[in-house]
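Input: a single structure, listed below in structure tokens.
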Amino acid sequence: FDLQGYRPENVNVRINQNGLLKISGQHIDNSHGNNINREYYRQYQLPANVDPDKVRARMDQNQILTIELPQSLLARDPARHEYWVPVYERNYPPYYCGAPGSGCCCCNIM
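All letters in the sequence shown, in the order written, are residues 1 to 110 by UniProt numbering.
Next up, the structure:
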């Protein structure tokens, strides 16, 4: 996804309990005395075999967002309502646990 003008901290990647991948971003530019507000939103239905706990997203120096969608033989956990995917700059960290509220040191999900 080409997200020119967006910063990783202003881009959200989420997966809901139905396997719907939601990508959103907001960019506000006040540099020329004018307020320019741009928003980006896309959503895609993921195949049932995508493991939401292992989805990773990164944005490179050209502001291209890449999302990896590893497959799994296990079904999604129906008790979880949403999975948040951190957006990293350039390189991915090692796989993370991705459990909300776990305080995972790898992904800083709280």
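Heads up, the beta-carbon is just placed ideally off N, CA and C, and yes, glycines get one too.
Only a predicted model underlies this, so the values are computations on that prediction, with no experimental measurement involved.
Quick check: what's the CA-CA separation for residue i versus residue j?
{"i": "W84", "j": "I36", "result": "27 Å"}
{"i": "G25", "j": "L3", "result": "8 Å"}
{"i": "N34", "j": "P86", "result": "30 Å"}
{"i": "E68", "j": "D53", "result": "11 Å"}
{"i": "L46", "j": "H32", "result": "40 Å"}
{"i": "R58", "j": "A48", "result": "22 Å"}
Which one of the options has the shortest CA to CA distance from residue i?
{"i": "N18", "options": "V11, K54, A57, Q43", "result": "Q43"}
{"i": "N30", "options": "M59, Y41, D53, G5", "result": "G5"}
Looking only at its own chain, which residues have a Cβ that is under 6 Å from the Cβ of residue i, when we skip the five neighbours before and after it?
{"i": "N16", "result": "E82"}
{"i": "I23", "result": "V13, R42"}
{"i": "L65", "result": "F1, L3, M59"}
{"i": "V11", "result": "G25, V87"}
Quick check on residue i - is its C-beta less than 8 Å from some C-beta in chain B?
{"i": "E68", "result": "Among the chains of the structure shown, chain B does not appear; only one protein chain is present."}
For residue i, write down the residues that DSSP places opposite it in a beta bridge.
{"i": "N30", "result": "Paired residues: none, contrary to the question."}
Spatial neighbours of residue i within its chain, please: C-beta separation below 8 Å, excluding the five flanking residues on both sides.
{"i": "N108", "result": "Confidence at N108 is low in this model, with a pLDDT of 37, below 50, so the placement of that residue is unreliable and no value is reported for it."}
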